[in-house]
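This report refers to the structure that appears directly beneath it.
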Amino acid sequence: MALVTMRQLLDEAAKGGYGVGAFNVNNLEQVQAIMEAAQETNSPVIIQASRGARKYANDRFLYHLMVAAEEVYPEIPVSLHQDHGNGPDTCRSAIELGFTSVMMDGSLEEDGKTPSSFEYNVRVTREVVEMAHERGVTVEGELGTLGGIEDGHGSGVVALTDPDQAVEFVEQTGVDALAVAIGTSHGAYKFTKEPDREILAMHIIEEINEWLPTTHLVMHGSSSVPKELVDIINEYGGEIRPTWGVPVNEIQAGIEHGVRKVNVDTDLRLAATGAIRKAFAEKPGEFDPRYYLKPAREAMKAVVKARMEAFGQAGHAGDYEPISLGDMAVRYREEGHKLTTA
Ligand SMILES: [Zn+2]
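Read in order, the letters of the sequence shown are residues 1 to 342 in my numbering.
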């Protein structure tokens, strides 16, 4: 069993100077694609589930798929992470389910839509930190809001993270990782042209990293939306409008400045959809779901492998032994929420 806390996984990434992809799952083929990619590149990995995923798959099914992943691949360190928890109750149920990490997204109110006040965000995040650290579980918070709405989550309004506030937020909450808003969006339609460093507000990451060098930064909405994946969908009858994502080289620049977790979801969705559309078009007489789910799984795996290599996590799966949740809980108790040593 190589279930690890996200705190340990990101501490190790900081030591090694690399980033770790966090990939969203709803079903079997996604879990398999991610784990095969992790094994083939020898990478530690974060598998995450949104509230929408937990609802779609059902908590027990989803949890056991993730447990199967660590049983089948015992040599791969895996963190199971709740993506965008909308309140302490969602985080609590994820912890009870067995997740080793939770995101308390207090940048929005409990409806997952309305931008919240700084005070509200600190209060709910602090509450989750107390509850989670007591059990050794990692907490990611968010300050500022991203564009786009996914799985019904998001205000659709971009509010960039204020670096001064970020320092205050981390000190008051004790989060292990902080999601920052630098102008990216959830979903496929992030930018109407290739984004440069200004549009991406990379300076926010650099500033926060300078002031909070031991806080692990998280980039959300970081799919690259490769043109070749969009082209396959459109070639086989899809209708994806011209769009741009976050270039891989900008993510790599972020990793040089403290970004340790990189959320990628859309690119896997695009890869799967293109492969399925192609399979349908090529053999319209086929009706065995394995005929189109297998190429979908392969296409997702190829994307995940490419990201693992680009983020630098490839080759690092065997670097460390997992620290148990119980031992992590002891460390938080003895050293405080902001652990003093990595
Ligand atoms: Zn997100």
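Glycine is no exception: its CB is placed at the ideal position from the N, C-alpha and C atoms. What you are looking at is a predicted structure, and each value in this text was computed from that prediction instead of being measured.
Proximity below 9 Å, CB of residue 95 to CB of residue 158: Numbered from its first residue, the sequence shown carries residue 95 at position 95. Numbered from its first residue, the sequence shown carries residue 158 at position 158. The answer is no: Cβ separation not under 9 Å.
Secondary structure of residue 326, DSSP reduced to three states: Within the sequence shown, residue 326 is the residue found at index 326, counting from 1. In this structure, residue 326 counts as helix in the three-state DSSP scheme.
Euclidean distance between Cα positions of residue 125 and residue 105: Walking along the sequence shown from the start, residue 125 turns up at place 125. Walking along the sequence shown from the start, residue 105 turns up at place 105. Between the alpha carbons of residue 125 and residue 105 lies a distance of about 8 Å.
Paired residues, beta bridge with residue 42 - DSSP: The residue you call residue 42 lines up with position 42 of the sequence shown. Beta-bridge pairing by DSSP links residue 42 to no other residue.
Contacts around residue 189, its chain only, beta-carbon distance under 6 Å, and the 5 residues preceding and following it disregarded: Here the question's residue 189 lines up with position 189 in the sequence shown. Cβ within range, chain order: 243.
Opening and closing residue of the alpha helix (DSSP H) in which residue 302 lies: If you number the sequence shown from 1, residue 302 lands on position 302. Its alpha helix (DSSP H) spans residues 289-311.
Chain-ordered residues, beta carbon under 7 Å from a heavy atom of ligand 1: Those residues, listed in chain order, are 83, 84, 146, 179, 186, 220, 221 and 263.
Cβ neighbours of residue 343 in the same chain (closer than 7 Å, five flanking residues each side left out): Because the chain is modelled from 1 through 342, residue 343 falls outside the range shown and cannot be assessed.
Candidates 2, 3, 85 and 17: closest to residue 213 by CA position: Position 213 of the sequence shown, counting from 1, holds the residue named residue 213. The residue with the shortest Cα to Cα distance from residue 213 is 17.
Cα-Cα separation between residue 264 and residue 45, rounded to whole angstroms: Position 264 of the sequence shown, counted from the start, is the residue given in the question as residue 264. Position 45 of the sequence shown, counted from the start, is the residue given in the question as residue 45. Straight-line measurement puts the Cα of residue 45 at about 12 Å from the Cα of residue 264.
Proximity below 9 Å, CB of residue 177 to CB of residue 261: Residue 177 sits at position 177 when you count from the first residue of the sequence shown. Residue 261 sits at position 261 when you count from the first residue of the sequence shown. Contact: yes.
Exposure of residue 281, with buried meaning 16 or more beta-carbon neighbours within 10 Å: The count along the sequence shown starts at 1 and reaches residue 281 at position 281. When all chains shown are included, residue 281 counts as exposed.
Residue range of the unbroken alpha helix (DSSP H) whose run includes residue 62: Counting from one through the sequence shown, the residue named residue 62 turns up at place 62. That run of the alpha helix (DSSP H) goes 59-72.
Residue burial classification, residue 77 (beta-carbon count within 10 angstroms, cutoff 16): On the sequence shown, residue 77 is found 77 positions in, with the first residue counted as 1. Taking every protein chain shown into account, the CB of residue 77 has 16 or more other CB atoms within 10 angstroms, so this residue is buried.
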